[in-house]
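Enquirer: In the numbering used here, the protein residues as written are 250 to 478.
1) When the Cα atoms are used, what is the spatial distance from residue 416 to residue 282?
2) With a threshold of 8 angstroms on Cβ separation, who are the neighbours of residue 276 within its own chain once the five nearest residues in sequence on each side are excluded?
3) In terms of DSSP beta bridges, what is residue 407 paired with?
4) Would you grab the beta carbon distance between residue 385 and residue 392 for me? Rounded to a whole angstrom, and I think it's under 8 angstroms.
5) Am I right that residue 401 and residue 462 are in contact with their C-beta atoms under 8 angstroms? What's the rounded C-beta distance?
6) Going by C-alpha distance, which of 435, 426, 413, 399 is nearest residue 458?
7) Drop a sphere of 10 angstroms on the beta-carbon of residue 397, count the other beta-carbons inside from all chains shown, and report buried for 16 or more, exposed for fewer.
8) Quick check: what's the CA-CA separation for residue 325 versus residue 418?
9) Check the DSSP bridge columns for residue 387 and list the partner residues they point to.
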């Protein structure tokens, strides 16, 4: 196999040990013959290890009985996302299965895959930076609502829901350089903001736990920082 024939998907599968023996050997030979390809493989490996380390506590903890029961139900997909709450659960279900998107401050990699420098969530992050919690804010393609604000060591994280053509929910954090969307979960289109499924709420809670988020700001603190809803 020639180095130029090795795709990013093949490299990630190689790093994760998911290739069959013959293909894996071919990729290994191509990596050995091409320093640039070897560097890409090292980047994918380092990114995967960083992601695994970041969620080690979440994945090692036993899943709560209520979460397991909810996961076994054949429920319809959630509409858009949660009312603010912090159950402090540590979900053991892999967050990747919930379509977790970890953008990572300064990392520039989507679990090993390089992304374009332009931030597709720039407008969303800008709105999150100033929106009062509980108040819908109009954006191109839908409406966004901040659901809660949580102190972290470096600053503040805010959970949010976006309702529209491509609804999602997630977490954006300000670590001293402005808000950036760090985690998203895709959701099903619905009629306005409604309660999220346990799957989505548990994943957001688990992410907030993983970054050391504290208890949510109260109404007075929210009003002082972001204005009245």
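Every residue gets a Cβ at the ideal spot worked out from N, C-alpha and C, and that includes glycine.
Expert: By the coordinates alone:
1) 44 angstroms
2) 250, 255, 259, 260, 263, 268
3) 398, 421
4) 4 angstroms
5) 5 angstroms
6) 399
7) buried
8) The predicted position of residue 325 is uncertain, since its pLDDT is 46 and thus under 50; a value taken from the coordinates is nonetheless stated next. Looking at the two C-alpha atoms, the distance is approximately 17 angstroms.
9) 392
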